[in-house]
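If you read the sequences in order, they're chains U and A.
Residues in the first sequence are numbered consecutively from 1, following the working numbering.
Residues in the second sequence are numbered consecutively from 370, following the working numbering.
Even glycine gets a Cβ: it sits at the ideal position worked out from N, Cα and C.
To start, the structure under review is shown below, and the notes come after it.
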Amino acid sequence: MMESGPLTGPVPTDGSADGTHPRPAELSGVPAKPNPADGEIGGTFWRRFTFRRPLAALILQRLGLSVGLLFAVSLMISGGIEALPGDFATTYLGQSATPQAVENIRKDLGLDKPWTERYLSWLGGAVQGDFGTSWASKNSVGEQIGKRLGNSLFLAFFAALISVPLAVGLGMLAVQFRNRLPDKIINVVSLAAISLPEFFVGYLLIMFFAVKYGIATFPATVYDSMSFTERLSAIALPVATLVLVVLAHMMRMTRAAILNVMSSAYVETAELKGLSAFRIIAKHAAPNAVAPVINVIALNLAYLVVGVVVVEVVFVYPGMGQYMVDAVTVRDMPVVQACGLIFAAFYIFLNMAADILAIIANPRLRHPR
Amino acid sequence: MNLRSIPFSAWVGIAGIALAIFCAVFAPVIAPFGERDVVGDIWLPAGGDFLLGTDNLGRDLLSRLVYGARTTIFVALAATVLSFSLGMLLSFTAAVVGGFTDQFFSRFNDLMMAIPTLIFALVVLAVLPQHLWILILVMAVLDSTRVFRIGRAVALDVAVMEFVEAARLRGEGSLWIIFREILPNTLSPLLAEFGLRFAFSILFLSTLSFLGLGIQPPSADWGGMVKDNKDGIIFGISAALIPGAAIATLAICVNLVVDWLMKRTSSLKGGRGDA
Numbered sequence: 001m002m003e004s005g006p007l008t009g010p011v012p013t014d015g016s017a018d019g020t021h022p023r024p025a026e027l028s029g030v031p032a033k034p035n036p037a038d039g040e041i042g043g044t045f046w047r048r049f050t051f052r053r054p055l056a057a058l059i060l061q062r063l064g065l066s067v068g069l070l071f072a073v074s075l076m077i078s079g080g081i082e083a084l085p086g087d088f089a090t091t092y093l094g095q096s097a098t099p100q101a102v103e104n105i106r107k108d109l110g111l112d113k114p115w116t117e118r119y120l121s122w123l124g125g126a127v128q129g130d131f132g133t134s135w136a137s138k139n140s141v142g143e144q145i146g147k148r149l150g151n152s153l154f155l156a157f158f159a160a161l162i163s164v165p166l167a168v169g170l171g172m173l174a175v176q177f178r179n180r181l182p183d184k185i186i187n188v189v190s191l192a193a194i195s196l197p198e199f200f201v202g203y204l205l206i207m208f209f210a211v212k213y214g215i216a217t218f219p220a221t222v223y224d225s226m227s228f229t230e231r232l233s234a235i236a237l238p239v240a241t242l243v244l245v246v247l248a249h250m251m252r253m254t255r256a257a258i259l260n261v262m263s264s265a266y267v268e269t270a271e272l273k274g275l276s277a278f279r280i281i282a283k284h285a286a287p288n289a290v291a292p293v294i295n296v297i298a299l300n301l302a303y304l305v306v307g308v309v310v311v312e313v314v315f316v317y318p319g320m321g322q323y324m325v326d327a328v329t330v331r332d333m334p335v336v337q338a339c340g341l342i343f344a345a346f347y348i349f350l351n352m353a354a355d356i357l358a359i360i361a362n363p364r365l366r367h368p369r
Numbered sequence: 370m371n372l373r374s375i376p377f378s379a380w381v382g383i384a385g386i387a388l389a390i391f392c393a394v395f396a397p398v399i400a401p402f403g404e405r406d407v408v409g410d411i412w413l414p415a416g417g418d419f420l421l422g423t424d425n426l427g428r429d430l431l432s433r434l435v436y437g438a439r440t441t442i443f444v445a446l447a448a449t450v451l452s453f454s455l456g457m458l459l460s461f462t463a464a465v466v467g468g469f470t471d472q473f474f475s476r477f478n479d480l481m482m483a484i485p486t487l488i489f490a491l492v493v494l495a496v497l498p499q500h501l502w503i504l505i506l507v508m509a510v511l512d513s514t515r516v517f518r519i520g521r522a523v524a525l526d527v528a529v530m531e532f533v534e535a536a537r538l539r540g541e542g543s544l545w546i547i548f549r550e551i552l553p554n555t556l557s558p559l560l561a562e563f564g565l566r567f568a569f570s571i572l573f574l575s576t577l578s579f580l581g582l583g584i585q586p587p588s589a590d591w592g593g594m595v596k597d598n599k600d601g602i603i604f605g606i607s608a609a610l611i612p613g614a615a616i617a618t619l620a621i622c623v624n625l626v627v628d629w630l631m632k633r634t635s636s637l638k639g640g641r642g643d644a
């Protein structure tokens, strides 16, 4: 389904959706026998490990791939910033800066050192959670992120908690009433919801619930001293916005995933045998639909992590997204770099989780032919 | 294909797109006031001289909306066309040439897609100077990764067909095979994809403008207008919601047409076609 249809959501990052991948070399010639005895197969340790524990080997492989990808991303962000034109020192001081002042600020920010040296020291720090100091505020970036990341995750967690069951339920409802009125209504409404920009949904909700009826709070600022329930009521509107934004995507993809299973030959056979609709869904369709649905959920959670950026700006919520947008407007590169890497890390690891869960749920993926 | 076979929802979509394009093309004729003229008090309510009221600086909201259609549609369309040209050229090349070229393009594409689009755009726009063509280029390059993925999948399906093999045996070059054999046979699914990417571009541009990184003031564009007027929301002034609604309406209209195109494509392919 991911391959033939146009993509409406985030996609797996490792190319697992594309069926044309050559199978990994170390898996070629895996015997049909599940647990071959020692000595029956030769080769390296990894080769034997793949034979004996195919699942663990695949998961390890995916983990390694993700870490490698993350490393490549960090290289790309850092290298890209370097390669793109634009000198920060001149941007900072304006056009009329004297060459001496530019030179001083370059030295101050450490820009006079070669790029490789700066990248390596940055990466070394980043692995330990030290992202350097912000150019604008001279605060520690890692400290700021530590505070704000928790806030962002708090928001995303509650959005996921509400949207996932709702999306799966509605998706199943749409399949159950396929091409009848409920399905058509859900289809049109979700199509409209996909087209709404996050900030429009956000302001619409503020307009109605905070300004007109006064039952919600705006802006959604949270403090350290707030109690849990106070926090919950503060994030009610941002969470509602995120749910609305992500729900339509997730539901449509769930519907497509289940329909994909429902239109396969074995379900048709079951229909022709005269089984009841419930039995077909419970016994034949559901076990095969679990993997794609889990995949859909994980991909949308990855999307949620990014959707947080705009929602935080709309609701003036002190999270990672707002931190990053503020930093971009003043060109505070250490902050931008750190936030970019962390967002990418969440995205990559959620995609990896989707991949691994799909492999666990579908035994056929463990022994690729 | 006859006109009767087009469903009602697609007609609504076509009408909406036509209206927006009409506004964009004839903006100076339709708009009652100039794009940047301060004509009255700030945040006047709708009605009277100003059909939709005025904005945070006292400019006529309707005129800004009409001019904004021009900027928004032009930038989104330019970015989409560019991303399609780039993505399709690279993906078809990858599918036809295969081997190392294919691997190199595909793996690099995977790497690009490993970073969320918005985050990538934020990082890149933080470095680059703010010009319109840079914005279009950044949007196009980021979007072309998605086009590449679809284009390669579709082209691979076609590239193994007998008529492509026949063309190869005739001794045609890669360019002939890409433009004369594969492109005409992949046009239908790619057209639907084009609409989808266009809708996405509108939303993406609006989001960037809303964050203050897209089109710079005083040019009118829908996302930027929401940003300009967002402070009014707390006082119950709905000026920010009007451009927001315009973005949403245009995106919905494009999606309605795409939905129909996609159904048509899948029914052409045969099969149970409801997935």
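Element boundaries [alpha helix (DSSP H), containing residue i]
i, result
"residue 225/U", "Counting along the chain, residue 225/U falls outside any alpha helix (DSSP H), and DSSP gives it neither H nor E."
"residue 135/U", "Unbroken run through residue 135/U: none, as it is neither H nor E."
"residue 213/U", "From DSSP, residue 213/U is part of no alpha helix (DSSP H); its letter is neither H nor E."
"residue 563/A", "552-579"
"residue 60/U", "54-83"
"residue 254/U", "236-262"
"residue 412/A", "It is not in any alpha helix (DSSP H) - residue 412/A carries neither H nor E in the DSSP assignment."
"residue 488/A", "486-496"
"residue 385/A", "377-394"
"residue 483/A", "Careful: residue 483/A lies outside any alpha helix (DSSP H) and carries neither H nor E."
"residue 207/U", "Note, residue 207/U: premise wrong, no alpha helix (DSSP H); not H, not E."
Within-8 Å CB hit, residue i to chain A
i, result
"residue 415/U", "In the structure displayed, chain U extends from 1 to 369; residue 415/U sits before or after that span and is not available."
"residue 28/U", "Model confidence at residue 28/U stands at a pLDDT of 45, short of 50, so the residue's coordinates are unreliable; what they give is reported in the following sentence. Chain A, which has no Cβ nearer than 8 Å to the Cβ of residue 28/U, makes this no."
"residue 310/U", "yes"
"residue 158/U", "no"
"residue 172/U", "no"
"residue 81/U", "yes"
"residue 45/U", "no"
"residue 306/U", "yes"
"residue 347/U", "yes"
DSSP-derived helix/strand/coil call for residue i
i, result
"residue 311/U", "helix"
"residue 129/U", "coil"
"residue 470/A", "helix"
"residue 321/U", "helix"
"residue 510/A", "helix"
"residue 429/A", "strand"
"residue 419/A", "strand"
"residue 316/U", "coil"
"residue 296/U", "helix"
"residue 529/A", "coil"
Residue i to residue j span [Cα, whole Å]
i, j, result
"residue 298/U", "residue 416/A", "48 Å"
"residue 396/A", "residue 436/A", "6 Å"
"residue 279/U", "residue 290/U", "16 Å"
"residue 134/U", "residue 141/U", "6 Å"
"residue 478/A", "residue 225/U", "45 Å"
"residue 375/A", "residue 630/A", "10 Å"
"residue 575/A", "residue 65/U", "34 Å"
"residue 537/A", "residue 361/U", "42 Å"
"residue 569/A", "residue 511/A", "12 Å"
"residue 450/A", "residue 263/U", "35 Å"
"residue 68/U", "residue 332/U", "27 Å"
Chain-ordered chain U contacts of residue i [CB-CB under 7 Å]
i, result
"residue 609/A", "203"
"residue 628/A", "191"
"residue 620/A", "195"
"residue 446/A", "Chain U residues near residue 446/A: none, gap ~17 Å exceeds 7 Å."
Listed by chain order, chain A residues near residue i by CB distance under 9 Å
i, result
"residue 189/U", "None at all; the shortest Cβ gap to chain A is about 11 Å."
"residue 320/U", "In chain order: nothing, as chain A lies at least about 10 Å away."
"residue 328/U", "491, 492, 494, 495, 580, 581 and 582"
Cutoff 8 Å: residue i Cβ touching any chain U Cβ
i, result
"residue 599/A", "yes"
"residue 576/A", "yes"
"residue 581/A", "yes"
"residue 494/A", "yes"
"residue 376/A", "no"
"residue 617/A", "yes"
"residue 568/A", "yes"
Chain-ordered chain A contacts of residue i [CB-CB under 8 Å]
i, result
"residue 72/U", "480 and 483"
"residue 200/U", "595, 610, 613, 614, 616 and 617"
Partner residues on chain U for residue i, Cβ-Cβ distance less than 9 Å
i, result
"residue 605/A", "207, 211 and 212"
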